[in-house]
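*Asks:*
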Amino acid sequence: MAKRYVQGGEYELGAHRSLLQEFWHNFKKNKLSLAGGAIVLLYAIMAIFAPLIAPYNPVEQFDAPRGMRNPMPPLSRDVEGRLFLLGTDKFGRDILSRAIYGTRTLLELAVGSIAIAMVLGVAMGAVAGYKKGTWVDELIMRTVDIMLSFPTLVLAIALVGAFGIGSVKLGPFTLSNLVKIMLVIAITYSPRFARVMRAVVLQEMAEDYVAAAKVTGASGLRILTREVLVNTIPTIIVQGSLMMATTVLTSASLSFLGLGLQPPRPSLGLMLNEARDYLFWGAWWYVIVPGGLITLAILGFNLLGDGLRDSLDPRQARRVRR
Amino acid sequence: MSEVLLSIENLVTRFYTELGVVRAVDGNSLQLGEQESLGVVGESGSGKTVTALSVMRLIENPGRIEGGRILFRGEDLLRKTERQMRAIRGKDIAMVFQDSLSSLNPTLTIGEQICRVLKFHLGLSHRERWQRAVELLAQVGIPEPERRVKHYPHQFSGGMRQRALIAMAISCSPQLLILDEPTTALDVTIEAQIFELVEGLKQAFGMGTFLITHDLSVVATFCDRVVIMYAGKIVEEAPVTELYDRPLHPYTRGLLGSIPPLEGGKDRLDSIPGEVPDLINLPPGCNFSPRCQQAGERCWREEPPLEAPAPGRRVACWKAGEPDG
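In the order they appear, the protein sequences are chains A and B. In terms of our numbering, the first sequence has 292 at position 292, counting the first letter as 1, and numbering is strictly consecutive. One rule links them: number in our numbering = place in the second sequence (from 1) + 1000.
What follows is the structure, encoded as structure tokens:
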């Protein structure tokens, strides 16, 4: 890189990159994380444009031609000659269309619950870190400890049990089933964000720039909101993307157990559950499509998360590893 | 001496650690006149920085300021509320730290960081603040300030960052500038430039400066008066020239002896034997006695008081001024 000599004998690097360019420069070096990014992008496109991509209505049932019965294998046709690329399920619904719509709901769930979990967790962790050593800190962190002592899925099942299956009436509001599941997953994951957030806040509060800000007369709260929070963003983003993979799994597991999305809504977890009965009848496509999509999504989010961790800030690599 | 700007009286700052009580600053008094340059010299852990942070009232748990008064323009800073102190920090008293990279927020541009200080203390409109930030950068000798103001700390070199920090410190025209080893992380040529800059700003703004360093040669060129600290106590104070001509405390003589002479002549530099005492378990008598070659019976038993053998001079030693043994 060209060094340019300037007044005072001090030199500077010729090219200045913005933080975003810096990030991209580091990120693209790792081919695996690029692949993860591509997978996630593909899923996002599939989810957003589901109605355009899906060949059929995901809940419409088609009749098998004479001599065949549902579920039909890939590339078979129904009575009227419609082609099913990935076959049909036990009710004669197009698996490809259901998988595409199922991906959509899965991503909605994952993104939504991570967003809520992040907001909850960041707020808890920031307050706990800022009020370090006080009863507020103790209260928050002990609650977090209690929640973390349950395995995630068990806690999620317990919460669904408490809320009930299906939509929930909360006073004047009615939570749709989807939003309820989002909340359940968000609550189970928020303690993890809280812990990470508290640690990062404590770490950042000990940095010299915080002391330097105090010296300029800034108050503690101002330092927390204006100086420290910006510096926690990379860690939280990384934590979020890594956690995304596990929320995908949790929401699929809930559906599989019949505690998540309810039929006939297309859901990859539910499809897996239904496919279980046909596994030994040779209906391999019935299992592989939803199972493969879930696996690939988890892989994609994990690779992306790892890549983000390494490129957002090299220092973070040591910090976030779980 | 001109008007007194800062007067520290019997300051006691202690840290209550699990291992015991650390007497970081142990009953020290010193004064700084308006537009005067005071150098505070000592080894690591001698209480220089804690003294400065006490003035700023930024001693944090488990540390506590236990006694004394800190008069700034006649007002006791130890009696101010936290809110009043916030209005003073950065405006009337500014401080520059040693490590310029970690003292700047890595996620904000230099301009944003300067503007925050300006906004907090002076108000001003958004445009005025940016304009002022550019002016300040120009004032501390940063080339192309219009472009530089939008850069992040990591895009600056060490010397430039220190300049930017100084720009931030002087942004509200403080009357007292505390410099905590401002050039330790820099090389010697940049060090000279930084001190030249601070000297110029001192004249322009009429600031008093409180320079913390462990480098006596820096003090010689930059300061009017020197305070030597050892293990939390002031052991000697003198105008710069007198200190070099006639050091009274054996510790000061030891420090001066460890500076290489310009003409050469010595093959080996003198060093002070032993180590800085543990601040939790200070030795009885004079703190320096275990390392002092002149120490006698009395030094082991009784702590020497800080006395004034001549106007403007203070020394805490039973054998002050006695020639080396």
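Think of the CB as a built atom: it goes at the ideal place given N, C-alpha and C, for glycine as much as any other residue. Being a predicted model, the structure only gives us computed values, none of them experimental.
Are MET1168 of chain B and GLN1113 of chain B touching if we call contact CB-CB under 8 Å?
*Replies:* For the purposes of this step, residue 1168 of chain B is identified with residue 168 of the second sequence, where counting begins at 1. For the purposes of this step, residue 1113 of chain B is identified with residue 113 of the second sequence, where counting begins at 1. Cβ atoms of MET1168 of chain B and GLN1113 of chain B: closer than 8 Å.
*Asks:* Any beta-carbon of chain A closer than 8 Å to the one on ASP1073 of chain B?
*Replies:* For this step, residue 1073 of chain B is matched to residue 73 along the second sequence. Looking at the sequence itself, residue 1073 of chain B is Arg, so the reference to Asp does not match. No, ARG1073 of chain B does not count as interfacial toward chain A.
*Asks:* Kindly say whether GLU138 of chain A, judged by its beta-carbon, lies nearer than 8 Å to any beta-carbon of chain B.
*Replies:* Here residue 138 of chain A refers to the residue found at position 138 when the first sequence is read from its first residue. Not an interface residue.
*Asks:* So which of A:THR188, A:PRO74, A:VAL122 has the shortest CA-CA distance to ALA199 of chain A?
*Replies:* As a working note, residue 199 of chain A is residue 199 in the first sequence. The shortest Cα separation from ALA199 of chain A among A:THR188, A:PRO74, A:VAL122 belongs to A:VAL122.
*Asks:* Exposed or buried, what is ASP89 of chain A when buried is set at 16 or more other beta-carbons lying within 10 Å of its beta-carbon?
*Replies:* The residue labelled residue 89 of chain A in the question sits at position 89 within the first sequence. By the neighbour-count rule (16 or more Cβ atoms within 10 Å), ASP89 of chain A is buried.
*Asks:* Leaving out the 5 sequence neighbours to the left and right, which residues in its chain are closer than 8 Å to GLY8 of chain A when beta-carbon positions are compared?
*Replies:* Here residue 8 of chain A is taken as the residue at index 8 of the first sequence, counted from 1. Here the model assigns GLY8 of chain A a pLDDT of 43, short of 50, so the residue's position is not dependable, and the following value carries that caveat. Closer than 8 Å at Cβ, skipping near neighbours: no residue.
*Asks:* Check whether the Cβ of THR235 of chain A lies closer than 8 Å to any Cβ atom in chain B.
*Replies:* Along the first sequence, read from residue 1 onward, the residue named residue 235 of chain A stands at position 235. With 8 Å as the cut-off, THR235 of chain A does not count as an interface residue toward chain B.
*Asks:* Could you tell me the alpha carbon to alpha carbon distance between GLY87 of chain A and ASN26 of chain A, rounded to whole angstroms?
*Replies:* Within the first sequence, the letter at position 87 stands for residue 87 of chain A. Within the first sequence, the letter at position 26 stands for residue 26 of chain A. So the alpha carbons of these two residues sit roughly 42 Å apart.
*Asks:* Mind the definition here: the segment 233 to 253 of chain A touches the segment 297 to 305 of chain A only if three or more C-beta pairs lie below 8 Å; say whether that holds.
*Replies:* Touching, yes, given that three or more Cβ pairs across the two stretches are closer than 8 Å.
*Asks:* How many Å lie between ARG1300 of chain B and SER1258 of chain B at the Cα?
*Replies:* One-based indexing of the second sequence puts residue 1300 of chain B at position 300. One-based indexing of the second sequence puts residue 1258 of chain B at position 258. First, the residue type needs correcting, since residue 1300 of chain B is Trp and not Arg in the sequence shown. Those two C-alpha atoms are separated by around 25 Å.
*Asks:* Give me the subset of the segment 296 to 308 of chain A whose CB atoms are less than 7 Å from a CB atom of chain B, sorted by chain position.
*Replies:* The segment 296 to 308 of chain A vs chain B, Cβ under 7 Å: nothing.
*Asks:* What number of angstroms, rounded off, separates the C-alpha of VAL59 of chain A from the C-alpha of PHE163 of chain A?
*Replies:* For the purposes of this step, residue 59 of chain A is taken as residue 59 along the first sequence, with counting starting at 1. For the purposes of this step, residue 163 of chain A is taken as residue 163 along the first sequence, with counting starting at 1. Straight-line Cα distance between these residues: approximately 27 Å.
*Asks:* When DSSP labels each residue in this structure, what does PHE150 of chain A get in the three-state scheme?
*Replies:* As a position in the first sequence, residue 150 of chain A is number 150, starting the count at 1. Reduced to three states, the DSSP call for PHE150 of chain A is coil.
*Asks:* Run down chain A in chain order and give the residues with a C-beta less than 9 Å from the C-beta of MET1168 of chain B.
*Replies:* Stepping through the second sequence from its first residue, residue 1168 of chain B is reached at position 168. Chain A residues near MET1168 of chain B: ALA212, THR216.
*Asks:* Taking only three categories from DSSP, how would you classify GLU1060 of chain B?
*Replies:* Taking the first residue of the second sequence as position 1, residue 1060 of chain B is located at position 60. Correct three-state label for GLU1060 of chain B: coil.
*Asks:* Grab the span of the beta strand (DSSP E) containing GLU1236 of chain B for me, first residue to last.
*Replies:* For the purposes of this step, residue 1236 of chain B is identified with residue 236 of the second sequence, where counting begins at 1. That run of the beta strand (DSSP E) goes 1233 to 1239.
*Asks:* If we count the other Cβ atoms within 10 Å of its Cβ and call it buried at 16 or more, is GLY973 of chain B buried or exposed?
*Replies:* Here chain B has residues from 1001 to 1325 only, and residue 973 of chain B is not among them.
*Asks:* Is TYR43 of chain A closer than 8 Å to ALA297 of chain A when the C-beta atoms are compared?
*Replies:* Along the first sequence, one-based indexing puts residue 297 of chain A at 297. Along the first sequence, one-based indexing puts residue 43 of chain A at 43. In contact: ALA297 of chain A and TYR43 of chain A (Cβ atoms closer than 8 Å).
*Asks:* Around the Cβ of SER311 of chain A, are there at least 16 other Cβ atoms within 10 angstroms (buried) or fewer (exposed)?
*Replies:* Walking along the first sequence from the start, residue 311 of chain A turns up at place 311. It counts as buried.
*Asks:* Between the segment 1269 to 1277 of chain B and the segment 1200 to 1217 of chain B, are three or more C-beta pairs nearer than 8 Å?
*Replies:* Segments in contact, no.
*Asks:* Check whether the Cβ atoms of GLY1158 of chain B and LEU1186 of chain B sit closer than 8 Å, and answer yes or no.
*Replies:* Taking the first residue of the second sequence as position 1, residue 1158 of chain B is located at position 158. Taking the first residue of the second sequence as position 1, residue 1186 of chain B is located at position 186. Yes, Cβ-Cβ distance for GLY1158 of chain B and LEU1186 of chain B is below 8 Å.
*Asks:* Can you tell which of B:GLU1263, B:GLY1047, B:VAL1004 has its C-alpha closest to the C-alpha of ARG1014 of chain B?
*Replies:* As a working note, residue 1014 of chain B is residue 14 in the second sequence. It is B:GLY1047 whose Cα lies nearest to the Cα of ARG1014 of chain B.
*Asks:* Which of the three DSSP states is assigned to PHE256 of chain A in this structure?
*Replies:* Position 256 of the first sequence, counted from the start, is the residue given in the question as residue 256 of chain A. Three-state DSSP puts PHE256 of chain A in a helix.
*Asks:* I'd like to confirm the pairing. Which residues does DSSP put opposite TYR1230 of chain B in its beta bridges?
*Replies:* By one-based count along the second sequence, residue 1230 of chain B stands at place 230. Looking at the DSSP assignment, TYR1230 of chain B forms a beta bridge with B:LYS1233.
*Asks:* Can you list, in chain order, the residues of its chain whose CB lies under 6 Å from that of LEU120 of chain A, leaving out five sequence neighbours each side?
*Replies:* Locating residue 120 of chain A in the first sequence gives position 120, counting from the first residue. Here the set comprises SER190.
*Asks:* Assign ASP1076 of chain B to one of two classes, buried (16 or more other C-beta atoms within 10 Å of its C-beta) or exposed (fewer than that).
*Replies:* Here the question's residue 1076 of chain B lines up with position 76 in the second sequence. Counting Cβ neighbours within 10 Å, ASP1076 of chain B comes out exposed, since fewer than 16 surround it.
*Asks:* Can you tell me whether GLU137 of chain A is helix, strand or coil according to DSSP?
*Replies:* If you number the first sequence from 1, residue 137 of chain A lands on position 137. First, the residue type needs correcting, since residue 137 of chain A is Asp and not Glu in the sequence shown. Correct three-state label for ASP137 of chain A: helix.
*Asks:* Nearest CA to the CA of VAL238 of chain A: which residue from A:LEU279, A:ARG104, A:GLU80, A:ALA115?
*Replies:* Counting from one through the first sequence, the residue named residue 238 of chain A turns up at place 238. Comparing Cα positions, the closest option is A:ALA115.
*Asks:* Threshold first: 3 residues or longer. Then list the beta strand (DSSP E) segments lying entirely within the segment 221 to 302 of chain A, N to C.
*Replies:* As far as the segment 221 to 302 of chain A is concerned, it has no whole beta strand (DSSP E) run of at least 3 residues.
*Asks:* Where ALA206 of chain A and LEU249 of chain A are concerned, what is the direct C-alpha to C-alpha distance, given to the nearest angstrom?
*Replies:* Within the first sequence, residue 206 of chain A is the residue found at index 206, counting from 1. Within the first sequence, residue 249 of chain A is the residue found at index 249, counting from 1. The straight-line gap from Cα to Cα measures roughly 36 Å.
*Asks:* Rounded to the nearest angstrom, what separates MET1229 of chain B and ASN1010 of chain B at their Cα positions?
*Replies:* Against the second sequence, residue 1229 of chain B aligns to sequence position 229. Against the second sequence, residue 1010 of chain B aligns to sequence position 10. Going from the Cα of MET1229 of chain B to the Cα of ASN1010 of chain B covers about 14 Å.
*Asks:* Check the Cβ-Cβ distances between TYR209 of chain A and every residue of chain B, and say whether any is below 8 Å.
*Replies:* Walking along the first sequence from the start, residue 209 of chain A turns up at place 209. Closer than 8 Å to some Cβ of chain B, the Cβ of TYR209 of chain A qualifies, so yes.
*Asks:* From the beta carbon of ASP1278 of chain B, is the nearest beta carbon of chain A less than 8 Å away?
*Replies:* Within the second sequence, residue 1278 of chain B is the residue found at index 278, counting from 1. ASP1278 of chain B does not count as touching chain A.
*Asks:* At least one CB of chain A closer than 8 Å to the CB of LYS1048 of chain B: is that the case?
*Replies:* By one-based count along the second sequence, residue 1048 of chain B stands at place 48. By this cut-off, LYS1048 of chain B is not an interface position.
*Asks:* For the segment 1175 to 1200 of chain B, list every residue whose C-beta sits within 8 Å of some C-beta in chain A, in sequence order.
*Replies:* Against chain A - using a Cβ distance shorter than 8 Å - the residues of the segment 1175 to 1200 of chain B are THR1189, ILE1190, GLN1193.
*Asks:* For ARG1314 of chain B, count the other beta carbons within 10 Å of its own beta carbon; 16 or more makes it buried, fewer makes it exposed. Which is it?
*Replies:* What you label residue 1314 of chain B is simply residue 314 of the second sequence in a count that begins at 1. That one is buried.
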